[in-house]
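*Asks:*
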Amino acid sequence: MAIITIFSGSYCHGDKIAKNAAETLGYKLVDEEIFTEASRKYDVSVELLQKAVLDNLPPLKRIGNEREKLIGMLRTTLAEAGLQNNLVVNGYLGHLLPRTIAHLLKVCIIANFDYRVKQAEKFDNLPEKKASKIIHKDDKDRLQWTQFLFNQSPYDEDLYDITLPTSDHSIDEAVQLICQQAKSDAVKTTARAEEAARDFVLAARVRLALAQAGHDTETFAENGEVIVIINKYVVRLERYSEELKKIGSQVEGVRVIRTRTGQNYSAPSIMPMRDFELPSKILLVDDEREFVQTLSERLSTRNLDSSVVYDGEEALKFIASEEPDVMVLDLKMPGIDGIEVLRRVKREHPNVEVIILTGHGSEKEESLASDLGAFAYLQKPVDVDHLAQVMKAAYRKISDTQNE
């Protein structure tokens, strides 16, 4: 039996068609429950997940790859639900299911603009001008989604197996056509199709693990072998690839993991010696040795080389001999703790910008750190791209101060 996705323009009766098709086929209708399940599983709000889809995240959530992480949670939740088969997935999330799933039937419900305006006038009692404005806004929301995923328009026929204009077909006719196609041999569930669905689950889990570590990639899987596609240029490709493989290999079910560059991967036409908006001297201070060493390695793949020390006393000795531009400082350390290090550094080396990075902080400590002159206060686990952006902002402050 098939998995059916239904993506509809507003005022095209998409919800009604999806509901009736599911009832006729005896399939389960899936829509908002994916948001609810992802919210429960990953401890994020439904509202935040919905905003990620609509590209309406609050400003602080737009730094780094927060959107990709949230969509990765939805993708993985949907992939796991897709193992059941006999589903009708209604709405935006159906676009997260890949064509590699052979028993997938992708349906677009659309109608001409005038028809949609008349439906809005009829069912919601809207004046023509307001109806037109709402429909344009709805189409714009759908456009940003399919451009984000495929760089295509939302109603591009290439994205679908069936496109049904409801200005030409009744609801019953549309349901009948969908059900006929769902019962055809073309979308019949086979052993290979089920294997492809399981492959997608694994690929989605690896992609999410990479996103949670701060990496924006694509992933594909087949029989436990995962391919990670790198689309964005990095300075140290081999080192970066090893980092991705190390993270991905920890996902259950991965037998082999490989990386390759994608079609969009290309070096800048002019390679600068370094990005002068980024600090040239960085000191990382944390008593969790494995964590801070891994953080240093990940920063290096972003052209951010750093020195590492493991306690407050070492940090003060290092700064006395070699003053960094930016210091990333843990709070909870044996001996001289982070707050005391911050106090001394800002008193004796006021030009050093200090970013607090802690897994055990409190509002009181955050307030105290701010009063002592910390540039930012971040919580572990940290998005490496987000941290890089904060470092860039800190160095910009240093440069502006020096130029005054």
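If you read the sequence shown in numbering that gives the first Met the number 0, its first letter stands for residue 0, the second for the next number, and so on.
Even for Gly, the Cβ is constructed at its ideal location relative to N, Cα and C.
(1) What separation, rounded to the nearest whole angstrom, lies between the Cα atoms of residue 298 and residue 181?
(2) Between which two residues does the alpha helix (DSSP H) holding residue 47 run?
(3) Decide if residue 378 is buried, meaning its Cβ has at least 16 other Cβ atoms within 10 Å, or exposed.
(4) Would you kindly report the start and end of the unbroken beta strand (DSSP E) that includes residue 406?
(5) Please state the DSSP three-state secondary structure of residue 56.
(6) Are the Cβ atoms of residue 88 and residue 73 separated by less than 9 Å?
(7) If you draw a straight line from the alpha carbon of residue 258 to that of residue 38, how long is it in whole angstroms?
(8) Which one or two residues does DSSP pair with residue 390 in a beta bridge?
(9) What's the gap between the Cα of residue 256 and the Cα of residue 202?
(10) Output the distance between the C-alpha atoms of residue 349 and residue 355, rounded to the nearest integer angstrom.
(11) Which runs of the beta strand (DSSP E) fall wholly inside the region 163-238 and span at least 3 residues, in chain order?
(12) Between which residues of its own chain and residue 421 is the CB-CB distance below 7 Å, once the five residues before and five after are set aside?
(13) If we call anything under 9 Å between Cβ atoms a contact, is residue 357 one with residue 330?
(14) Quick check: the Cα distance between residue 232 and residue 116, rounded to an integer number of angstroms?
(15) From this set, 337, 90, 173 and 133, which residue's C-alpha is nearest residue 144's C-alpha?
(16) Beta-carbon separation of residue 158 and residue 177 under 9 Å?
(17) Should residue 212 be labelled buried (16 or more other beta-carbon atoms within 10 Å of its own) or exposed?
(18) On the three-state DSSP scale, how would you describe residue 259?
(19) Less than 8 Å between the CB of residue 87 and some heavy atom of the ligand MG, yes or no?
(20) If you drop the 5 nearest sequence neighbours on each side, which residues of the same chain put their C-beta closer than 8 Å to that of residue 333?
(21) Measure the alpha-carbon distance for residue 120 versus residue 21 and round it to whole angstroms.
(22) Please name the residue in 46, 99 and 135 whose C-alpha comes closest to that of residue 113.
(23) From the DSSP output, read off the bridge partner residues of residue 89.
(24) Which term fits residue 409, buried or exposed, when burial requires 16 or more other beta carbons within 10 angstroms of its beta carbon?
(25) With burial defined as no fewer than 16 other Cβ atoms inside 10 Å of the residue's Cβ, what is the status of residue 35: buried or exposed?
(26) Reducing DSSP to helix, strand and coil, say where residue 106 ends up.
(27) Looking only at its chain, what residues have a beta carbon closer than 6 Å to the beta carbon of residue 314, apart from the 5 residues adjacent to it on each side?
(28) Could you name each continuous beta strand (DSSP E) segment of 3 residues or more that falls completely within the region 306-371, going from the start of the chain to the end?
(29) According to DSSP, which residues form a beta bridge with residue 27?
(30) Going by CA-CA distance only, name the one from 237, 344 and 320 that's closest to residue 374.
(31) Could you check what DSSP says for residue 281 in three-state terms: helix, strand or coil?
(32) Using CA atoms only, rank isn't needed, just tell me which of 49, 75, 109 and 141 is closest to residue 161.
(33) State buried or exposed for residue 271, treating a residue as buried only when at least 16 other CB atoms are found within 10 Å of its CB.
(34) Pick helix, strand or coil for residue 161, following the three-state DSSP scheme.
*Replies:* Per the coordinate set shown:
(1) 49 Å
(2) 45-52
(3) exposed
(4) Residue 406 lies beyond the range of the chain shown here (0 to 403); nothing can be said about it.
(5) Residue state, collapsed to three classes: coil.
(6) no
(7) 30 Å
(8) Bridge partners of residue 390: none, in fact.
(9) 11 Å
(10) So the alpha carbons of these two residues sit roughly 15 Å apart.
(11) With a minimum length of 3 residues, the continuous beta strand (DSSP E) runs that stay inside the region 163-238 are 217-221 and 224-229.
(12) The requested residue 421 does not occur in the structure, where the chain is confined to residues 0 to 403.
(13) yes
(14) 45 Å
(15) Looking at the Cα atoms, 90 is the closest of the given residues.
(16) no
(17) buried
(18) strand
(19) Among the components of this structure there are no ligands whatsoever, and the ligand MG is therefore not found.
(20) Once the five neighbours on either side are set aside, the close Cβ partners of residue 333 are 286 and 310.
(21) 28 Å
(22) 135
(23) Residue 89 pairs with 5.
(24) Beyond the ends of the chain as shown, which are 0 and 403, falls residue 409; an answer cannot be given.
(25) By the neighbour-count criterion, in which a residue is buried when 16 or more other Cβ atoms sit within 10 angstroms of its Cβ, residue 35 is exposed.
(26) strand
(27) 284, 308 and 340
(28) Qualifying beta strand (DSSP E) stretches, in chain order: 306-308, 325-328 and 352-357.
(29) 86
(30) 344
(31) If DSSP states are grouped into helix, strand and coil, residue 281 belongs with the strands.
(32) For the residues 49, 75, 109 and 141, the minimum Cα distance to residue 161 belongs to 109.
(33) At residue 271 the pLDDT is 45, less than 50, meaning the model places this residue with poor confidence and gives no usable figure here.
(34) DSSP places residue 161 in the strand class (E or B) of the three-state scheme.
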